[in-house]
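There are 2 protein chains.
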Amino acid sequence: MVNVGVLGVGTVGASVVKILEQNADIIEARAGQKIGVAAGVVKNLAKERGLSITLRDNPLDIVDNPEIDIVVELMGGVEEPYMLVKRALQNGKAVVTANKALLAYHRYELQALAGDIPLMYEASTAGGIPIIGALRNGLSANHIESIQGIMNGTSNYMLTKMINEGVQYDAILKEAQDLGYAEADPTFDVGGFDASHKLLILASIAFGIDAKPEDILIEGIQNITQTDVAFAKDFEYAIKLLGIAKKVGNGIELRVHPAMIPLSSMLAKVDGVMNAVMLKGDCVGETLYYGAGAGGDATASAIVADIIDIVRGNTNPMLGYKKPLESGLALLSRAEITSHYYLRVSVEDKKGVLAEVTNLLSGLDISIEAMMQKPDDDKDECVELLFVTHECKEKIIQDAIARLEKLSVVVGKVGMIRIEQ
Amino acid sequence: MVNVGVLGVGTVGASVVKILEQNADIIEARAGQKIGVAAGVVKNLAKERGLSITLRDNPLDIVDNPEIDIVVELMGGVEEPYMLVKRALQNGKAVVTANKALLAYHRYELQALAGDIPLMYEASTAGGIPIIGALRNGLSANHIESIQGIMNGTSNYMLTKMINEGVQYDAILKEAQDLGYAEADPTFDVGGFDASHKLLILASIAFGIDAKPEDILIEGIQNITQTDVAFAKDFEYAIKLLGIAKKVGNGIELRVHPAMIPLSSMLAKVDGVMNAVMLKGDCVGETLYYGAGAGGDATASAIVADIIDIVRGNTNPMLGYKKPLESGLALLSRAEITSHYYLRVSVEDKKGVLAEVTNLLSGLDISIEAMMQKPDDDKDECVELLFVTHECKEKIIQDAIARLEKLSVVVGKVGMIRIEQ
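Chains as they are written, first to last, in this note's numbering: chain A, 10 to 430; chain B, 10 to 430.
So this is what it looks like as structure tokens:
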């Protein structure tokens, strides 16, 4: 019998307990041993949870308990679980965590500390999709060229609704909050921060690259308008919040932002709360992994799979490398990122304005691939100029946006969405 | 240094040699040791291959060689590789094989023989897509409910062309043969046999169920016409050659056949030579895995990943079970399969014919969900009657088809395509 202790018995923790009970037959056959949850830790012992397991309110009752073999960390937060996971590893216990924030900040320290003790985290990224296994094991023969992922269900639900139903951002956010898909403060999801944590985890396995959220470009979906949606449709693009890690020469671009992607791509077809990740390797080419990125049972599916792997005796290096990798790859600064850009500029509807805007762009060596003009539905006596640029550097486009917003004929903020071919 | 011996150095074998050389840096970092191909076996030593490795023409020079740690079997065929893989395992060598036919016939004997010696086969199914790992490790917490896979690139290429370009089967087959996508005798691919081997491998991991190709329903794409394609488009279906494994009560349906699937499904969007597999589990829900199902480098990506897993010391049970599984699940006979069916019946264009056909169907308790009539473009003075049935048993629909074909008003063969919702 393998004894599991669960730190944090909320929705996901309760699903872990349930799956280990309901699927005990097949789990024992696959793992070779019986596996059960011996104890769980909650903050409030008084709350009725309808669970058959022993509950405690002190995490050390699990972390220091010699009868617990595997600690499952589902607390959330960063520093408290970091302390507890370290202590569990020091006590020789295998650890499974779904905590993406913990890993976004401390994965390298944890890898060093874990050594040969299993520290697994399939559930941290894209929920039930076994993307960590795919990247760490399935594609291990490849130099990874790029990762593109739809890794936040809330944002994808909202963008899908904006595109399919033509509703503005604010109305959809309200609906998503009413449905429980978005938090009262939705910034973590719609601002791209959640996706950035997952991207950093994948980038470590793919490229051996260390970075923290504050090191990379993170933009959310808050400024997307129905003008952008209509333009994307006309030009056969979908708009998705993507986490992107891409090798460019000896540099690695890491970025999270809304992107226009061709409607014909598999990622464009991932709608609603679903997640998907496209991994491109130098041998295998493009592969895609699709499934539920959240939800108690889907997340618990990944956690229990990690537990089974530990019980089977698998010995995967935490971040995929048994030896230090001398890749020569370095994180590119935000300014050095290159992309095609879509720009939305609202201007006063008068003579010479188009020339003024296009002169500014050409003066910065920004070359225009496509352009259209339409009335601004929100502002009287204004028109919106929509541009697609050829590839250029992020620093140049940011300079252009700052200069455009200073022109007297430009009204309000310039909208920008990067285009991924 | 880990020494690999390759039995069969064709396109895939040459890619294995190339990848282990070109990606040696990252492979050593991930595996923890250097890995190289020490020797390969070919039938014709005289042929120039431009490879740096030692070549032999006797497989026993590898299988019995104490300096070889891992044997990679890429010979094709069944009985000769079976003998050699057994001998390699008896010699204590880990084995990696891409040989789906070997596994379709001998996977259970090989599992018993291998015991704790690694016998890996990621490349046998869906090429570079890490579907074995996803099912055996990633979804191990789940009772699997169904597998639906596009697992033959040749057939999918041909169906995509038939649908997108409106060309008849024979013309596309010729083109696929000219391009090298189809063999001179294409039956193994277009007849569904290739996909059946892969399906049987996946079904063993998912359900612990033993079956051989001759035990299951296998139909190919040879009888699909442009009438069927047009009907599918009108009713918003794609037509795909699917391998299906599905739990129905305590029974398992295993079948390979063309199927109409909703255009909105992710599988419907998998075009050309690409493969994809949808796995549905009781915890995780639907997950999909997409990528190249063939090609030297993509297949070698999976083979080298298996080698790395072996070197890392992973200890996955070959078919996913450390202990025998008492699932109580049994293979359903072909006759017991249930589905919705599309039927195409070419009839003489005269009074009373529709009534005769519909009376026959209703006399067998086959209930009609949709029906349309159109002129038969190939036969003068004939019309085609197209039906979609409600769910019914395979034995009833087969009986109906046999009776329809005996009616004097029915001209030629009745076409039938199963519908997967």
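Note that the Cβ used here is the ideal one computed from N, Cα and C, for glycine as well.
query: Cα-Cα separation, residue 14(B) to residue 205(B); result: 29 Å
query: Residue 216(B) versus residue 152(B) - alpha carbon distance; result: 8 Å
query: Of the residues 346(A), 278(A), 170(A), the one placed nearest residue 226(A), counting alpha carbons only; result: 346(A)
query: For residue 266(B) and residue 251(B), believed in contact at Cβ under 8 Å, the rounded distance; result: 7 Å
query: Paired residues, beta bridge with residue 251(A) - DSSP; result: 266(A)
query: Residues bridged to residue 65(B) [DSSP beta-bridge criterion]; result: 50(B)
query: Distance between beta carbons of residue 379(A) and residue 294(B), contact taken as under 8 Å; result: No, residue 294(B) and residue 379(A) are not in contact; Cβ-Cβ is about 39 Å, not under 8 Å.
query: 8 Å Cβ cutoff met for residue 23(A) and residue 337(A); result: no
query: Residue 130(A) - DSSP class collapsed to helix/strand/coil; result: coil
query: Residue span of the alpha helix (DSSP H) that contains residue 359(B), given as start and end; result: Per DSSP, residue 359(B) belongs to no alpha helix (DSSP H) and is neither H nor E.
query: Length of the line joining the Cα atoms of residue 79(B) and residue 12(B); result: 7 Å
query: Interface residues of chain A facing residue 309(B) [CB-CB closer than 8 Å]; result: 150, 292
query: Rounded separation between residue 362(A) and residue 396(A) - CA only; result: 14 Å
query: Limits of the beta strand (DSSP E) - the one that residue 328(A) falls within; result: Taken as a continuous stretch (DSSP letters only), residue 328(A) belongs to no beta strand (DSSP E), as it is neither H nor E.
query: Buried or exposed by the 16-neighbour rule on C-beta atoms within 10 Å, applied to residue 381(A); result: exposed
query: Exposed unless 16 or more other CB atoms sit within 10 angstroms - verdict on residue 274(B); result: buried
query: Where the beta strand (DSSP E) containing residue 154(B) begins and where it ends; result: 153 to 159
query: Element boundaries [alpha helix (DSSP H), containing residue 173(B)]; result: 162 to 174
query: CB contact flag (residue 248(A), residue 172(A), <8 Å); result: yes
query: Listed by chain order, chain A residues near residue 318(B) by CB distance under 8 Å; result: 146, 149
query: Euclidean distance between Cα positions of residue 132(A) and residue 83(A); result: 10 Å
query: Counterpart residues of residue 6(A) in DSSP-defined beta bridges; result: Coverage of chain A is limited to positions 10 through 430, which leaves residue 6(A) absent and any answer about it impossible.
query: CA-to-CA distance, residue 220(A) to residue 340(A), given in whole angstroms; result: 8 Å
query: Sheet register partners of residue 120(A) (DSSP bridge); result: According to DSSP, residue 120(A) bridges with nothing at all.
query: Local conformation of residue 368(B) per DSSP, three classes; result: helix
query: Cutoff 6 Å; reference residue 94(B); Cβ partners in own chain excluding five residues on either side; result: 82, 104
query: Proximal residues to residue 100(A) (C-beta, below 7 Å), its chain only, five neighbours per side dropped; result: 72, 73
query: Alpha-carbon spacing of residue 127(B) relative to residue 406(A), whole angstroms; result: 53 Å
query: Contact list for residue 296(B) against chain A, beta-carbon separation under 7 Å; result: 137, 138, 299, 300
query: Residues near residue 296(A) by beta carbon distance below 6 Å, same chain, minus five either side; result: 288
query: Distance, residue 224(A) Cα to residue 176(A) Cα; result: 33 Å
query: Among 375(A), 428(A), 65(A), nearest to residue 408(A) - alpha-carbon criterion; result: 375(A)
query: Boundaries (first-last residue) of the alpha helix (DSSP H) holding residue 178(A); result: 178 to 187
query: Chain B residues whose Cβ lies nearer than 9 Å to that of residue 343(A); result: The contacting residues do not exist; residue 343(A) stays about 26 Å from chain B at best.
query: Secondary structure of residue 111(A), DSSP reduced to three states; result: helix
query: Beta-carbon proximity list for residue 77(B), same chain, < 8 Å, skipping 5 on both sides; result: 12, 13, 14, 47, 48, 71, 102
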